[in-house]
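Number of protein chains: 4
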Amino acid sequence: MSAPKKVVLAYSGGLDTSIILKWLQTEYGCEVVTFTADLGQGEELEPARKKAELLGIKPENIFIEDIREEFVRDFVFPMFRANAVYEGLYLLGTSIARPLISKRLVEIAEATGADAVSHGATGKGNDQVRFELSAYALNPDIKVIAPWREWDLTSRTRLLEFAEANQIPIAKDKRGEAPFSVDANLLHTSSEGKVLEDPAEMAPDYVYQRTVNPEDAPNEPEFIEITFEQGDAVAINGEALSPATILTQLNEYGRKHGIGRLDFVENRFVGMKSRGIYETPGGDILLEAHRGIEQITLDSGAGHLKDSIMPRYAELIYNGFWYSPEREMLQALIDESQKHVTGTVRLKLYKGSAKTVGRWSDHSLYSEAHVTFEEDAGAYDQKDAAGFIQLNALRLKLLAARDRRVK
Amino acid sequence: MSAPKKVVLAYSGGLDTSIILKWLQTEYGCEVVTFTADLGQGEELEPARKKAELLGIKPENIFIEDIREEFVRDFVFPMFRANAVYEGLYLLGTSIARPLISKRLVEIAEATGADAVSHGATGKGNDQVRFELSAYALNPDIKVIAPWREWDLTSRTRLLEFAEANQIPIAKDKRGEAPFSVDANLLHTSSEGKVLEDPAEMAPDYVYQRTVNPEDAPNEPEFIEITFEQGDAVAINGEALSPATILTQLNEYGRKHGIGRLDFVENRFVGMKSRGIYETPGGDILLEAHRGIEQITLDSGAGHLKDSIMPRYAELIYNGFWYSPEREMLQALIDESQKHVTGTVRLKLYKGSAKTVGRWSDHSLYSEAHVTFEEDAGAYDQKDAAGFIQLNALRLKLLAARDRRVK
Amino acid sequence: MSAPKKVVLAYSGGLDTSIILKWLQTEYGCEVVTFTADLGQGEELEPARKKAELLGIKPENIFIEDIREEFVRDFVFPMFRANAVYEGLYLLGTSIARPLISKRLVEIAEATGADAVSHGATGKGNDQVRFELSAYALNPDIKVIAPWREWDLTSRTRLLEFAEANQIPIAKDKRGEAPFSVDANLLHTSSEGKVLEDPAEMAPDYVYQRTVNPEDAPNEPEFIEITFEQGDAVAINGEALSPATILTQLNEYGRKHGIGRLDFVENRFVGMKSRGIYETPGGDILLEAHRGIEQITLDSGAGHLKDSIMPRYAELIYNGFWYSPEREMLQALIDESQKHVTGTVRLKLYKGSAKTVGRWSDHSLYSEAHVTFEEDAGAYDQKDAAGFIQLNALRLKLLAARDRRVK
Amino acid sequence: MSAPKKVVLAYSGGLDTSIILKWLQTEYGCEVVTFTADLGQGEELEPARKKAELLGIKPENIFIEDIREEFVRDFVFPMFRANAVYEGLYLLGTSIARPLISKRLVEIAEATGADAVSHGATGKGNDQVRFELSAYALNPDIKVIAPWREWDLTSRTRLLEFAEANQIPIAKDKRGEAPFSVDANLLHTSSEGKVLEDPAEMAPDYVYQRTVNPEDAPNEPEFIEITFEQGDAVAINGEALSPATILTQLNEYGRKHGIGRLDFVENRFVGMKSRGIYETPGGDILLEAHRGIEQITLDSGAGHLKDSIMPRYAELIYNGFWYSPEREMLQALIDESQKHVTGTVRLKLYKGSAKTVGRWSDHSLYSEAHVTFEEDAGAYDQKDAAGFIQLNALRLKLLAARDRRVK
């Protein structure tokens, strides 16, 4: 790789990415463009602008954007159409944000004439893979600089020394080492490392930042209704809302009722297991609701096919292959299934759980006339079941007869 | 089908199967053998013996058996090795019991010289399919009589008339119609029909029979530890227990904490949707725990393969294909994966939820040396990630270059 | 089912469907509409008109249509985009024609005010299922009459008696029984039954009707080029042709070179095995060519996903679920993959085989710069492979270490 | 990686691996152990011993073994039970040999106290991955040296200079560069590179080394019978033979009739496409025969499940994951299916094709009584099909009714 001349950095304004910024300037002598995004992580962005200016970034090279609506509309919602969960439990909150960040990095690179992008993910995790696969898929000629894989600032001490040597301001609470590492966006907060590294040990309470402890949640359940159109949530309690607003409100419901906590050991794409504490308050509610509306609007053939490809779809997102032909093929399949996933779900929120307790839809496939215990109105002839069973049984009978014959 | 001469009936001792018993005697003039099983449904079996005798069954034709251990050991536990859930949420509590009942029906038929078996499932549901596919798979020459598909006793009134005309005792509380229908065994209780037929309406509280309402559960969480060996639970809080005893104890924990309630609309094999209320108190805990121990003992390749075939496996069980070559093939695959699924999980039970909060095992694949945020001890070279990403990205780059070229 | 009043019959003009026509008139006293389609089966259609008139069908109730282009464009080609083969070998020639016939039957019923459709498939085969599932999926209220499952004309003798009694003309060569049964359309000819019923016995030469014996094919190979656009064949040897014309020409090439013969035992949806002799001369060539063009234009992620869902897709078509949400979902996935499947394949046809010997495309993903044995031009850094392997190996090493530890 | 002290080299005796041998001695100063295996590649092994001695290898460090029986019995046959083909066409001839070579390398390393293994595969191909993943899976502490990724002998000229400088004898025909690269074992011969690098160009005749040109094959077909037991071939024309002998004889049949040639562009695991010419004469026959015997002995549920997982299984072998839990899980599934895959297939071999023309077995599931066109003997009641279709159609009707309702 030839030396980069101008690099777009995913910049949070925090200490680590400020060090990276400086390191890029000094190590590569290259011009740095910063990109700071509001993905719903709950931090002010303007301080990042100030800090970037302080570190010598030209105003026209500072990009600060609120991309929450795009995030939910084009990434979170399509993923939730699939009921995607990784390894049975994880709602992919970090995974789904990375492709969007990379997309903007590449677009800004193209707009500013930069030949490289850079990120602050380490060489042990999944995020480096997600950032870089996305970047290369969108621009095959882009260079990617991953300082954590390159530099020798591999201890806290050396990082702080570098910061001091380069006049990077260090917040007081950043002098000591954080007891764990955090990633957050509108969909979730993940915590991992340090005090969480022993998967046998229960995570300490202070790790949870986004949800109350279920024990501290209200003693009374709360009921809400979520309305879907073609697989996407469009309203809460009858009020039409934008995608990001819906997720924001669901997060608030989830926070209050202690919903969406997960203590999880997962398999990273890079080959090791890691333990994380995830909080996905609105996501947990949304997943339950989406399953609820699919229960009455989705046909069994469609649903079973979706279920069978879901693990592959989730794995692709987890591993960073959002911008791959196979993810797009699966998305086409999933989206095709959602045309009639329209209707409303009623949920009970209580002490850590969101549970569907009712669902209705003009698009419902549920037929009381067919299923009723009441005397038949002619919709269904029970005698048909005899033939159905006989022909389903035929091969089993032939197998049993063969087994008896050859024994 | 020629007329059956001797038929083994799955006999609960209740009104409906007593009517069937009589109907078989009168309609087919055939000798009836009764089979009454303790599958953990929580009912006394001896009254069934008395009632069968009263209806003229010879003592040697009355079979009453406690098959709870076989049920859990050979059916429930193998299924839980797969983390099987049907349509995302249902733990298959009814489905998994049917093949065992059919197995005993067929075995008793062979032992008593009967040429037919009979069951009390209706022509609208899944259970008829499960009973009959199992029976045919085990004995291709057996006859199956499904009275509900044949007779004209299609209303409550006519059933009661038939019962009265045939001196079948009717318990007082059976005169009126039950507000819903129930199936129960050691794994779960399901309720459906009548008051539950509108999926928009919340199920009334009195439907739940096996779990307290989460609101009424203890205000303090309770922690338990479940130990697994090769994928099966073998101990609770360090005490080694038999399979059925484990499930019984977990049911008690679940009942107390309101765990395992599910309000669900599912797709029946016979083509219609139906709504059920399921309670699987011990099963919900067991599934969570099994996932917890797999998190540290199961390799990602193994786990992802398991996840990808699970929906098919669950569908086979739901549809009644327990005794099919493909279920057995999938079981071989699943069992192969469980050799090292050994260790202990700590769970928090609270107000409707069971959550893994810790897990440990001598067979663990979790490597703190690899995942640690601490300075590397040499277990992992972050630079390897660069090559890993480059080669994973290569095809994406070639795609992007192609897209640019042909546009 | 209430009695049908007007029925649209899939009418070939042959003896069997003429008997059905008469039987519908006499048994149900209903008005009959005939539908005779040219699907490329190689028979004149006008005699069917004459015969229908002779049997009392009003001119406005006789529908005769050439639907070959629609057949190839909307059914055969979409299926070939998937490289669909059933049970490893069968190209689904009969299966793919049934949904189109049903579609026209239902459309004609709606146009003529008929309330029922009828077909001449027996109760043992797949075609009844395909016809009827398609009809019900397109019109949930349509009635379907399957005379072979209803009537008592279950022997050749009784059929002929019925024909004679009803003045149905019987061609001389139809007096005796055919030695096997045939279905044909532009994609294939299938033969089964009678002399073919013992799967141990080689099929006699006279069974093959559409291809020369490879031994009698030319002693010199012939080379042709097929051009694809977005997954569909559009030209042969550089000449742009319509879908049906392409298949017709490929059939001629295949016939001449003895390509496309298959002696096959398959699993019917209704539970039994059957043996068929299939001839798919053009289809075999087309499948090979499509695979050839995909080799250079389809990405591995896309291709492997397609391969993994293909058996399910083929099974759906075989079982008659063309008009199902899951087939449409899979089609969406497949079609999404074909956007760049554009280019030309060169094939060698010789004595029963069609083999790709060259392929080229502006959309090619093949990169000589990457794969070359020549000294690297920098496109690929071999050292990346070390990291790629290390991270792919990591979990295997952790497994091996665990196995050593616990032994 | 610390420097290796003793290394086991996969040594062919040819120029390239002799250079590697010398390079290991000089570059790492380590003791070299050579392993030369007869996998059926058709070369004498004893010259490799002489050459190794000449290059200073101690006699006790020279391992020469005939592992053809193990290769076919434990690798080729298990793979053929799955009907494994990669990307629709490739029989995995090279892929399947690598894990066995690695297994012996690791075993010899453990027996001789070596701490490393080495191979002659380049950094661009799949074989490096297969060798190394296998080695690490079998011994997590082994070191692997891949000289082609490390050294600077990256041109033919420099290789020859190194050889001359180190007194490595160079056969006259090795002075010039080979026009393509070859790998061979008992299952196949693959050729790639150089003259084959343009996938548009037909491969020259001289590339084919293992089969006659179909045009030059006998003008008369030949018929053979292959007998299987539990999925493995055990006899040809009634003569019981060992696994390797069977494959050897089938290779001879295939060679003679020009069977098993494949011109293929595939997707390498490392991300690029490559073009190869494969010859798998015996393998092609064996695959066709195995499919033939499965047609009558394998149930549809078992067969369709096998078909659905086959692409994943083939991909695992192709990518080098033979020794992975997921391959072993799939193998358990496959082997479970083969218990009754016992019987005999008759094949016609002619001018490039092997085609099943008959098959029979005591374990057959084919039932003439069920399938016959003759009047029913009562084995099958056609009326059952009506109920079978009605219940399969039910959901499609509900869908169609919904679609009409909401439009």
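So the sequence lines, in the order shown, correspond to chains E, C, V and Z. Oh and the first sequence: position 279 is 279 in the UniProt record's numbering, straight run, nothing missing. Oh and the second sequence: position 56 is 56 in the UniProt record's numbering, straight run, nothing missing. Oh and the third sequence: position 349 is 349 in the UniProt record's numbering, straight run, nothing missing. Oh and the fourth sequence: position 311 is 311 in the UniProt record's numbering, straight run, nothing missing. Ideal Cβ placement from N, Cα and C applies to all residues, glycine included.
Could you name each continuous alpha helix (DSSP H) segment of 4 residues or more that falls completely within the segment 224–288 of chain E, going from the start of the chain to the end?
243–257
In this structure, how does DSSP classify Ile145 of chain V when only helix, strand and coil are distinguished?
strand
At a threshold of 7 Å, does Glu44 of chain C count as lining the ligand SAH (C-beta to nearest heavy atom)?
No copy of the ligand SAH appears in this structure; indeed no ligand is present at all.
Could you tell me which chain E residues have their CB closer than 8 Å to the CB of Ile296 of chain C, listed as they occur along the chain?
Ordered by position in chain E, the residues that pass the 8 Å Cβ test against Ile296 of chain C are Pro199, Val265 and Lys273.
When you compare each of Z:Glu220, Z:His119, Z:Ala178 and Z:Leu262 to Thr211 of chain Z by their alpha carbons, which one comes out closest?
Z:Leu262
Just reading off the alpha helix (DSSP H) that Val406 of chain C is part of, what are its end residues?
Where Val406 of chain C is concerned, the enclosing alpha helix (DSSP H) stretches over Asp384 to Val406.
8 Å is my cut-off, CB to CB: does Ser191 of chain V come that close to chain Z?
no
Quick one: is residue 410 of chain V buried, meaning 16 or more other Cβ sit within 10 Å of its Cβ, or exposed?
With chain V covering only 1 through 407, there is no way to say anything about residue 410 of chain V.
For Leu349 of chain V, write down the residues that DSSP places opposite it in a beta bridge.
V:Glu222 and V:Ala354
Would you mind telling me which residues of chain E sit closer than 8 Å to Lys351 of chain C, beta carbon to beta carbon, in chain order?
Pro214, Tyr350, Lys351, Gly352 and Ser353
Quick one: which chain C residues come within Cβ less than 8 Å of His363 of chain V?
Arg402 and Val406
With a cut-off of 8 Å, do at least 3 Cβ pairs link the segment 264–284 of chain C to the segment 106–126 of chain C?
yes
Just confirm the distance between the C-beta atoms of Leu316 of chain Z and Ile224 of chain Z, as a whole number of angstroms; I'd bet it's less than 8 Å.
No, Leu316 of chain Z and Ile224 of chain Z are not in contact; Cβ-Cβ is about 31 Å, not under 8 Å.
In chain C, what lies closer than 7 Å to Thr356 of chain E by C-beta?
Asp263
Taking the straight line between their C-alpha atoms, what separation do you get for Val345 of chain V and Leu250 of chain V?
14 Å
Could you work out which residue in E:Asp141, E:Glu266 and E:Pro179 is closest to Arg156 of chain E when comparing CA atoms only?
With distances taken between Cα atoms, Arg156 of chain E lies closest to E:Pro179.
Is there a Cβ from chain V that is less than 8 Å from the Cβ of Phe75 of chain C?
Using beta-carbon distances, Phe75 of chain C does not count as an interface residue toward chain V, since no partner is under 8 Å.
Using the Cα positions of Ser324 of chain Z and Glu87 of chain Z, report the straight-line distance between them to the nearest angstrom.
21 Å
Would you mind reading off the limits of the alpha helix (DSSP H) that contains Lys50 of chain V?
Glu46 to Leu54
Could you name the residues of the segment 100–129 of chain E whose beta carbon sits closer than 8 Å to any beta carbon of chain C, in the order they occur along the chain?
Flagged, chain order: Thr122, Gly123, Lys124, Gln128 and Val129.
Take the Cβ of Glu266 of chain Z as the centre, count every other Cβ of all protein chains shown within 10 Å, and call the residue buried at 16 or more, exposed below.
buried
Return yes when the Cβ of Pro221 of chain E is within less than 8 Å of the Cβ of Trp23 of chain E, no when it is not.
no
Determine the direct distance from the alpha carbon of Lys5 of chain V to that of Gln390 of chain Z, and round the result to whole angstroms.
Taking the straight line joining both Cα atoms gives about 21 Å.
Verify the CB distance criterion: does Arg346 of chain C have a CB-CB separation below 8 Å to chain Z?
no
When you compare each of C:Glu107, C:Phe131 and C:Ala109 to Thr94 of chain C by their alpha carbons, which one comes out closest?
Comparing Cα positions, the closest option is C:Phe131.
Interface residues of chain C around Ser2 of chain E at Cβ under 9 Å?
Ordered by position in chain C, no residue passes the 9 Å Cβ test against Ser2 of chain E, which lies about 15 Å from the chain.
What do you get for Asn219 of chain V, buried or exposed, if any count of 16 or more other CB atoms within 10 angstroms of its CB means buried?
exposed
Can you name the residues of chain Z whose CB is closer than 8 Å to the CB of Tyr7 of chain V?
This sequence places Val at residue 7 of chain V; Tyr is not what is there. Simply none; closest approach about 17 Å.
Is Tyr86 of chain E helix, strand or coil by DSSP?
Under the three-state reduction of DSSP, Tyr86 of chain E is assigned to strand.
According to DSSP, simplified to helix, strand and coil, what is Thr36 of chain Z?
strand
Identify each residue in the segment 381–397 of chain E for which the Cβ-Cβ distance to at least one residue of chain V is less than 8 Å, and report them in chain order.
Leu391, Asn392, Ala393, Leu394 and Arg395
Cβ of Val33 of chain C within 8 Å of Cβ of Phe71 of chain C?
no
Shorter than 8 Å from the beta carbon of Val371 of chain V to some beta carbon of chain Z?
Yes, its Cβ sits closer than 8 Å to a Cβ of chain Z.
For the candidate residues C:Lys397, C:Ile226, C:Tyr366 and C:Leu287, whose alpha-carbon lies nearest to that of Asn139 of chain E?
Nearest neighbour of Asn139 of chain E by Cα position, chosen from C:Lys397, C:Ile226, C:Tyr366 and C:Leu287, turns out to be C:Lys397.
Would you decide whether Pro169 of chain C is buried or exposed? Buried here means 16 or more other CB atoms lie within 10 Å of its CB.
exposed
In terms of DSSP beta bridges, what is residue 458 of chain E paired with?
An answer regarding residue 458 of chain E cannot be provided, because it is not within the stretch 1 to 407 covered by chain E.
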